[in-house]
Amino acid sequence: MEFVKDMLVQYLIPITAVAFMIFVAVVLLNRYVYEENKLRVEEIKMRASEFITNLLFVKSPDGYEQILDEIKRELPFKKKFVKEILLDTLIHYQLNLKGGKKEMLNKIYEDLHLNKLSESCIKDSRWHHKSLGIYHFQVFNYTKGIELIRPYLYHSNEKLRSDAFVSFLSLTSENIEFLADYNKKIGLVDELKIVDLIQSKKFSLPSNIDKWILSSNESIVRIGLKLMGFYNHNQNAGEIIKLLNSPSRTIRYEAILAIKKLSISNAEDSLIDLYDREDKLNKLAILDALSEIGSTASINFLDMLLHQNHFIDSDEKIKVVSCLNILDSDYFIANFAEDKDIDLIRRHVANLTS
Amino acid sequence: MDFLEDFVRGFEFFIAIFSGSYIVIYVMLTLLSFYAIKKHVNAKNFIREEVLVNSTYLPGVSVVAPAFNEEANIIFNVKSLLSLNYPNFEVIIINDGSTDKTLEKLINEFELTKIDFYYKEHIKTKPVRGHYKSTNPLYSHLLVVDKENGGSKADASNAGINSSRFSLFLCTDVDCILKKDTIIKLAKPFIESEGKVIASGAGIRIANSCEVDEGFLAKVHFPTKMFPRFQELEYIRSFMFGRMAWTQLNGLLLVSGGLGMFDKKTVIEAGGYWHKSLGEDMELITRMRKLMYNKKQKFEIKYIPESLCWTEVPGNAKDLIKQRSRWGRGLIQTLAMHKGMLFNPKYGRTGFMILPYFLLFEFLVPIVELLGLIVLLLGIFFLNVDFVFLLNITLFVYLFYLTVTMIAIFFDELLYKNYANLKEIGSLILISMVEPIFFHPINTYSYLKGYFNFIVNNKQKWGTLKRQGHTVELEKVEA
Chain A
8 MEFVKDMLVQ YLIPITAVAF MIFVAVVLLN RYVYEENKLR VEEIKMRASE FITNLLFVKS
68 PDGYEQILDE IKRELPFKKK FVKEILLDTL IHYQLNLKGG KKEMLNKIYE DLHLNKLSES
128 CIKDSRWHHK SLGIYHFQVF NYTKGIELIR PYLYHSNEKL RSDAFVSFLS LTSENIEFLA
188 DYNKKIGLVD ELKIVDLIQS KKFSLPSNID KWILSSNESI VRIGLKLMGF YNHNQNAGEI
248 IKLLNSPSRT IRYEAILAIK KLSISNAEDS LIDLYDREDK LNKLAILDAL SEIGSTASIN
308 FLDMLLHQNH FIDSDEKIKV VSCLNILDSD YFIANFAEDK DIDLIRRHVA NLTS
Chain B
10 MDFLEDFVRG FEFFIAIFSG SYIVIYVMLT LLSFYAIKKH VNAKNFIREE VLVNSTYLPG
70 VSVVAPAFNE EANIIFNVKS LLSLNYPNFE VIIINDGSTD KTLEKLINEF ELTKIDFYYK
130 EHIKTKPVRG HYKSTNPLYS HLLVVDKENG GSKADASNAG INSSRFSLFL CTDVDCILKK
190 DTIIKLAKPF IESEGKVIAS GAGIRIANSC EVDEGFLAKV HFPTKMFPRF QELEYIRSFM
250 FGRMAWTQLN GLLLVSGGLG MFDKKTVIEA GGYWHKSLGE DMELITRMRK LMYNKKQKFE
310 IKYIPESLCW TEVPGNAKDL IKQRSRWGRG LIQTLAMHKG MLFNPKYGRT GFMILPYFLL
370 FEFLVPIVEL LGLIVLLLGI FFLNVDFVFL LNITLFVYLF YLTVTMIAIF FDELLYKNYA
430 NLKEIGSLIL ISMVEPIFFH PINTYSYLKG YFNFIVNNKQ KWGTLKRQGH TVELEKVEA
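These protein sequence lines map, in sequence, to chains A and B. Residue numbers for the first sequence follow the numbering used here, beginning at 8 and rising by one. Residue numbers for the second sequence follow the numbering used here, beginning at 10 and rising by one.
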């Protein structure tokens, strides 16, 4: 008992008291410094925005140089936080402006030597700083920095590797054909990033796209299918239909989407054959595809489904009715006029799509 | 007298072990929370939300918001929900048999018309009277479900889930003010994660003194009244600190009813919200966990350390006691209902870590505090109490509590700077110093009251929840 009492008085109470006071001091000090600088930072943000707008719309090269000088003279340009404000402002404009102004923003980025700040981020030991620097290069299309990114393409940190990979794709002048042989795992998020990148950068369709959809890397197959859909490339319809037999559910899903997008009408029978073996998500995708490419065979198939009435849930039944309604809106009058349930679904679909 | 002395000594020994474990666990939770927040902040640029919201591959989300007698603010609130930023979502307002003009106002403002709706009751609810859609394309994302009053938010939410068309749904209260990017932030864990995410949640803050302009949050302020201030502190501690630590352990047992996103299929399989539960949000998560273990499927429940939702809280002691006694009752009800999961190897960490924690350090604490008070009084009157030691141990517990609170405030300030100025931060710190003395006993009393009501099986039901602007008045009927 005496030991506990001694511990309390000599260690535990003093330690917790000091810890509490330290946290109070840190919280208050942190807020005090923030408030002290807030007005100044806001003013710098405003001025930075003004300068960059002026740079974007200045007509003469002399005027441009003059504004650059003004920025360096009137803002505490050597301070890191000022450079960060300028960078954030440029990124904001870069993401929200279109056309020739984007090129102009890339030029401003280099002329203000903000690429140096991005480089220092990449050289930082913390992965998220590296990622940020890599992102800057990507946003400002800083192709000169590509060699700084390359070492991170095979980094052990998956997130850093992913950011480096997407930026590398964005900046490289090499064709993206090499992706057909890429064997590293690409996460779903990376797939979204890559597709976003390809769509925003308007890459031309890789000449070996047929190889992509035969790759042993599932992600590459999915990206390939998305690209085929995006570029309306229907020369590989046969291969796409074959992918409906892939053991991967997500590849089959992507193939179904591509069939719909590319209106591959000779996939109709394969889709109908596949239907029973699929899960809900793929079934709904098949019905969507059939509503696009379906013929009498699809109508007969949907009719059979409605008569069998073995659905996973109401979503599937709604989709079947919706699909049949698209393919032949008079079909219900002739075949299901007395079926109140189906009539209600038909009106339900009409209400939700109107 | 010997018996009493033995009893008091025995209790002291128990308290020493109990408090020691409590402190060790809290220190561990602090470290985990710090790690989880750091990981979240570091990864925030990994996939930028602007990339996601422009993607055509995002899952659709149904926003489910029950409304009961909300005529005062319903129009602004619905407009606020409709303005959320996400490429593919619908807003489902469930009029839970309001006795005021809630439905009438909705119909007039949003040009609603009753539609034929193929409604399937995946989860049993009180009868649905109809579905309404707007004839104005501006409000094409809006669906209003009109149903008979089911006496609980759970029943209304279930009707909303039944009417939803997307695979994910976000459950909120109609009067909650959400940040514009709430959907994308809550959907992000579902998109990012390699495993199956069944639910995600984020921080909720107090709107009592915030400036709200037509359903939109204009400016965040520290509450001016005492009780909301105490709760503000409690929310910071709970959301920034406790839940982040639990998310790191994939051990979240509570995704708040005010703001949570769920995988619809799992919720329906689990049976939806239980309408008789008084802590339906915690009960649902427990049941979803149980389902996933039974299916032998790995799952995750994610929490984001960002405040995305502002809500009103009880402004006085009377309403607070009612609310907390309901929470207390909900807690004991959930633990009793799922007692079979406790220390059951089938339920992994839920059975061996999460539920035991809730049993020992959430449920048992008010009881231990009450016993402590009784033992203390007995000791003072009948035994020789070492007052110096009593004072020292009380001081230590008080300082430990304050330190934990300050760490939570520190995380919050460092990351989000939610408050207007230094004065508000100062007030928050001062409030944290009096909270254990004034607020905590009321909270403990309320929980004990809830336990008592559960044990004697007092019926408790929801009454009307009247809101006027941003003041809340709970009128719950307890019989």
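Built from N, CA and C at the ideal position, the CB exists for glycine as well.
Listed along the chain, the chain A residues whose CB falls inside 7 Å of the CB of B:T412 are T23, A26, F27 and F30.
Taking all protein chains in view, the Cβ of B:Y44 is surrounded by fewer than 16 other Cβ atoms within 10 Å, so the residue is classified as exposed. Counting the other Cβ atoms within 10 Å of the Cβ of B:L373 gives fewer than 16, which makes it exposed. By the criterion of at least three beta-carbon pairs nearer than 8 Å, the segment 178 to 193 of chain B is in contact with the segment 69 to 87 of chain B.
Assigned with DSSP and collapsed to three states, B:M362 falls in helix. Residue contact check for A:E299 against chain B: no CB pair falls below 8 Å.
Taking all protein chains shown into account, B:M37 has fewer than 16 neighbouring C-beta atoms within 10 Å of its C-beta and is therefore exposed.
Between A:G236 and A:L269, the gap from beta carbon to beta carbon is short of 8 Å. For B:L423, the residues of chain A that pass the 8 Å Cβ criterion are N37, in the order they occur in the chain.
At least 8 Å separates the CB of B:K327 from every CB of chain A. Shown here, A:M235 sits in a helix according to DSSP, grouped into three states. Assigned with DSSP and collapsed to three states, B:S64 falls in coil, not helix or strand. Secondary structure at B:I132: coil, using DSSP grouped into helix, strand and coil.
Under the Cβ criterion of 8 Å, A:K130 is not counted among the residues facing chain B. Across the set B:K274, B:L300, B:M291 and B:S286, the C-alpha of B:K274 shows the shortest separation from the C-alpha of A:D286.
The C-beta separation of B:I207 from B:I310 comes to about 6 Å, placing the pair in contact by the 8 Å criterion. Cβ-Cβ separation between A:L294 and A:K326: approximately 4 Å, consistent with a contact (criterion under 8 Å). Against B:I200, the close residues of chain A are L195, V196 and L199, in the order they occur along the chain (beta-carbon pairs closer than 9 Å). B:K133 does not reach chain A, its nearest Cβ partner there being about 15 Å away, counting only Cβ pairs nearer than 9 Å. Counting the other CB atoms within 10 Å of its CB gives B:R18 a total below 16, which places it among the exposed residues. Contacts between A:H317 and chain B, judged by CB atoms closer than 8 Å, are missing: the closest CB pair is about 15 Å apart.
Within the segment 252 to 329 of chain B, the runs of alpha helix (DSSP H) that reach at least 4 residues and sit entirely inside it are, in chain order, 252 to 257, 273 to 279 and 289 to 303. When CB distances to chain B are screened at a threshold of 7 Å, the residues of the segment 312 to 338 of chain A falling below it are S321 and I325, in chain order. Cβ-Cβ distances below 6 Å link B:H49 to P314 in the same chain, with the five nearest sequence neighbours on each side left out; the list follows chain order. A:F27 has its alpha-carbon roughly 37 Å from the corresponding atom of B:L13. When A:I227, A:Q206, A:K208 and A:K209 are compared, the shortest CA-CA separation from A:N215 is found for A:I227.
DSSP places A:K105 in no alpha helix (DSSP H); its state is neither H nor E. Going by DSSP, B:I116 is part of the alpha helix (DSSP H) stretching over T111 to F119. With a beta-carbon spacing of about 6 Å, A:E275 and A:G301 fall inside the 8 Å limit used to define contacts.
For A:I74 and A:R80, the gap between their C-alpha atoms comes out near 10 Å. The beta-carbon of A:V40 is placed no less than 8 Å from the nearest beta-carbon of chain B. Annotated as distal: B:I132 and B:G266, with beta-carbon spacing of 8 Å or more. In terms of Cβ geometry, B:L351 and B:G357 do not form a close pair [threshold 8 Å]. DSSP places B:A52 in no beta strand (DSSP E); its state is neither H nor E.
At a cut-off of 8 Å between C-beta atoms, A:L139 counts as an interface residue with respect to chain B. Scanning chain A for C-beta atoms nearer than 8 Å to the C-beta of B:F27 yields nothing, as the closest lies near 14 Å away.
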